[in-house]
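The sequence shown begins at 743 in this note's numbering and counts up one residue at a time.
Report on one structure; see the data block that follows.
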Amino acid sequence: MSASVFSFSVLKSKTLAADKDGAALAVSFPFIKDGKPLEGAPLCCLSLKAAGSMRFRWNEPNEMRENFFKSLGIDYDSVVAPELIHSKTVFCVDNADELAVFRALNSEGDAVLSANPAYVPAVTVADCVPIYLYDSKNRIAGMVHSGWKGTGIVKEAVERMVNFYKSEPSEICAVIGPHIKDCCYTVDAERADYFREKFSADCVTEADGAFMLSLEKANLKLLADSGVRSESIAVAAECTSCTKELGSHRRETAGCPDDMPIEERSKLFTVMTAFIK
């Protein structure tokens, strides 16, 4: 499948926001259909490390995050983002009543779909995989956060688009954003075996006795199994762990004590926000 998938560079994409010296704070890139940029569609967007941490918790205000969206002319109340829990939970939010319930419940999950162009589906990432989805016929936009634990959620999201919004898989475009790649992502034998058995054998390679995991290949397999055409899939070339302009949990917390509490560790790396607008 990957032979006809479109590859692109996030860092060479259009600058969406820049600092006073012209350095990029966020970039945007298009959905691809039949190997070409999809006209008339919303854009895939990503904040960069220089923009600061876009960390999102319902009980933890983040003024930097709010100001970031406002600087782009985006009403922060239109941003629809769940608190991430590395799950396969997908939300559909299409109107003010649904949005009010979504927020009142402090919704936790890892994907948001919407048929409302006024809403901005968003997730946060820092090595995990951001996957942008768009039904070019029915104009359904979706953001997916796929960490290793939640790998499989993109299939759930596509199924929800098909069953809830009556999307046709052949009309769905997908962009796999920057994430930790198999050049840097070493895993233990148990996790390697899990991915080989659950997804595909080529998800894992061995080098110098280490197991290298490709989340990209796992998600490409899931998209193919869901009926999304390879000609409508784009994949970012950058590895977050290798690329200093991007936030990375693994790179930025290297050297931290193994016994450091997760909550404390989570504040040491730069969380990026991936969204569609």
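Note that beta-carbon positions come from the ideal geometry of N, C-alpha and C, so glycine has one too.
Fair warning: this is a prediction, and the values are worked out from it, not measured in the lab.
Query, Result
"Endpoints, the alpha helix (DSSP H) within which Leu965 is located", "Leu957 to Asp967"
"Cβ neighbour criterion (16 or more within 10 Å) applied to Ala745", "Its pLDDT being 49, under 50, Ala745 is placed unreliably in this model, and the value from its coordinates should be taken loosely. With fewer than 16 Cβ atoms within 10 Å of its Cβ, Ala745 is classed as exposed."
"Selection from Ile873, Trp890, Ala976 and Glu898 that minimises the alpha carbon distance to Cys945", "Trp890"
"Residues that His921 bridges to, as DSSP identifies them", "Cys981"
"Nearest-angstrom Cβ-Cβ length linking Val900 and Pro911, presumed shorter than 8 angstroms", "6 angstroms"
"Beta-carbon proximity of Tyr818 to Glu808, cut-off 8 angstroms", "yes"
"Residue burial classification, Ser983 (beta-carbon count within 10 angstroms, cutoff 16)", "buried"
"8 angstroms Cβ cutoff met for Ile914 and Arg992", "no"
"Close-in-space but distant-in-sequence residues of the same chain around Ala978 (CB under 6 angstroms, 5 per side omitted)", "Val752, Gly919 and Pro920"
"Beta-carbon separation (whole angstroms), Ser755 vs Phe773, contact threshold 8 angstroms", "Not a contact, Cβ separation roughly 13 angstroms."
"With 16 other Cβ atoms within 10 Å as the buried cut-off, status of Thr1012", "buried"
"Residues sharing a beta bridge with Glu850, DSSP", "Glu825"
"Identity of the residues DSSP links to Gly777 by a beta bridge", "Looking at the DSSP assignment, Gly777 forms no beta bridge with any residue, so it has no partner."
"CB contact flag (Val862, His887, <8 angstroms)", "no"
"Environment of Arg799 [buried if 16+ CB atoms lie within 10 Å]", "exposed"
"Spatially closest choice to Ala846 from Lys830, Gly815, Gly997 and Ala823, by CA coordinates", "Ala823"
"Exposure label - Thr757; buried when at least 16 CB within 10 Å", "exposed"
"Helix, strand or coil at Ile816 [DSSP, three-state]", "coil"
"C-beta contact flag for Phe750 and Ala960 at 8 angstroms", "no"
"Gly997 classed as buried or exposed, judged by whether at least 16 other C-beta atoms fall within 10 angstroms", "exposed"
"Given Thr1015 as reference, the closest of Lys830, Arg797 and Ser990 once Cα atoms are compared", "Arg797"
"For Ala745, the three-state DSSP class (helix, strand or coil)", "With a pLDDT of 49 at Ala745, under the threshold of 50, the predicted position of this residue should be treated as unreliable, and no value is reported."
"Run of the alpha helix (DSSP H) containing Val896, from where it starts to where it stops", "Ile895 to Tyr907"
"Closest by C-alpha distance to Val970, when choosing among Arg938, Ile873 and Asp950", "Ile873"
"Asp935 - containing alpha helix (DSSP H), residue span", "Ala931 to Lys940"
"Best match in His828, Leu814 and Pro859 for proximity to Ala835 [C-alpha to C-alpha]", "It is worth fixing the name first, because residue 835 is Val in this sequence and not Ala. The shortest C-alpha separation from Val835 is found at Pro859."
"Inter-residue Cα distance where the pair is Ala949 and Ala760", "39 angstroms"
"Ile719 classed as buried or exposed, judged by whether at least 16 other C-beta atoms fall within 10 angstroms", "Nothing about residue 719 can be read from this structure; the chain reaches only from 743 to 1019."
"Per-residue burial, Leu788 [other beta carbons within 10 Å of its own, 16 or more giving buried]", "buried"
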